[in-house]
Amino acid sequence: MIWTVYLSGEIHTDWREQIQAGAEAAGLPVEFTAPVTDHEASDAAGDVLGKPDVAFWRDHQSSKVNGIRTKTMLEQCDLAVIRFGDKYKQWNAAFDAGYCAALDKPYITLHGEDIVHPLKEVDAAAMAWAQTPEQVVEVLKYVTTAR
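Just so it is clear: in the sequence shown, position 73 is 75 by my numbering, and no numbers are missing.
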């Protein structure tokens, strides 16, 4: 079985690449999907439909277009990894975690110990909490190969 793993959350560090490289090096039977990680492209996703004059409506329109990808990929994945970074608030990641919980889709949170308290509800629904990409790879190794 090839597992589909959706990598959600923070876009300002290379955590996705670290997990993908670790999984590849371990020969894990996984494929990865992710949201659009180019911030400007994501913000402009709905502009093709006409750029509204009010920022709220531009964000609303683009979030709906982005939501087509996010909703589809979350529904189709076997497991999600949801990363919360330390520099920005990732409200979209919290939303993705809630969506996973509503779908009864297993997810792993990835974040530092310093934000355990504000993420207590998100972590409570997670199947695992990792602090490093390497830990995520080890969990993926176990669940996909039983090693």
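Glycine is no exception: its CB is placed at the ideal position from the N, C-alpha and C atoms.
| Continuous beta strand (DSSP E) stretch holding A28: start and end | As a position in the sequence shown, residue 28 is number 26, starting the count at 1. Secondary structure note for A28: it is in no beta strand (DSSP E), with a DSSP letter that is neither H nor E.
| field | Residue range of the beta strand (DSSP E) that includes G11 | value | As a working mapping, residue 11 is identified with position 9 in the sequence shown. Annotation for G11: the continuous beta strand (DSSP E) segment containing it runs W5 to G11.
| message | For G48, tell me which candidate among R60, A95 and D80 has the shortest Cα-Cα distance. | response | Stepping through the sequence shown from its first residue, residue 48 is reached at position 46. Just measuring C-alpha positions, the residue of R60, A95 and D80 sitting nearest G48 is R60.
| task | Check whether the Cβ atoms of Y101 and L76 lie closer than 7 Å to each other. | result | Here the question's residue 101 lines up with position 99 in the sequence shown. Here the question's residue 76 lines up with position 74 in the sequence shown. Yes.
| request: Can you give me the start and stop residues for the alpha helix (DSSP H) that I70 sits inside? | output: Within the sequence shown, residue 70 is the residue found at index 68, counting from 1. First-last of the alpha helix (DSSP H) with I70: A57 to Q78.
| query | A82 bridges to which residues according to DSSP? | reply | By one-based count along the sequence shown, residue 82 stands at place 80. Beta bridge pairing from DSSP links A82 with Y8 and Y109.
| said: Applying the 10 Å Cβ sphere with the 16-neighbour rule, what's the burial state of K66? | reply: Within the sequence shown, numbered from 1, the residue matching residue 66 stands at position 64. Taking all protein chains in view, the Cβ of K66 is surrounded by fewer than 16 other Cβ atoms within 10 Å, so the residue is classified as exposed.
| Can the beta-carbon of E12 be found less than 7 Å from the beta-carbon of Q92? | As a position in the sequence shown, residue 12 is number 10, starting the count at 1. As a position in the sequence shown, residue 92 is number 90, starting the count at 1. In contact: E12 and Q92 (Cβ atoms closer than 7 Å).
| task | Can you grab the Cα-Cα spacing for the pair P120 / N94, in whole Å? | result | As a working note, residue 120 is residue 118 in the sequence shown. As a working note, residue 94 is residue 92 in the sequence shown. Each residue's Cα considered, the two are about 15 Å apart.
| said: I70 and T111 - do their beta-carbons sit closer together than 7 Å? | reply: Here residue 111 corresponds to residue number 109 of the sequence shown, with the count starting at 1. Here residue 70 corresponds to residue number 68 of the sequence shown, with the count starting at 1. With respect to the 7 Å criterion, T111 and I70 are not classified as neighbours on the basis of their beta carbons.
| task | May I ask which residues mark the beginning and end of the alpha helix (DSSP H) holding A127? | result | The residue you call residue 127 lines up with position 125 of the sequence shown. Per DSSP, A127 belongs to the alpha helix (DSSP H) from K122 to A127.
| request: Tell me where the beta strand (DSSP E) around A132 begins and ends. | output: Locating residue 132 in the sequence shown gives position 130, counting from the first residue. A132 -> beta strand (DSSP E) spans A130 to A132.
| request: Helix, strand or coil for T35, going by three-state DSSP, please let me know. | output: The residue given as residue 35 occupies position 33 in the sequence shown. Of the three classes helix, strand and coil, the one that applies to T35 here is strand, per DSSP.
| Residue range of the unbroken alpha helix (DSSP H) whose run includes Y144 | Counted from its first residue, the sequence shown places residue 144 at position 142. Residues P135 to T147.
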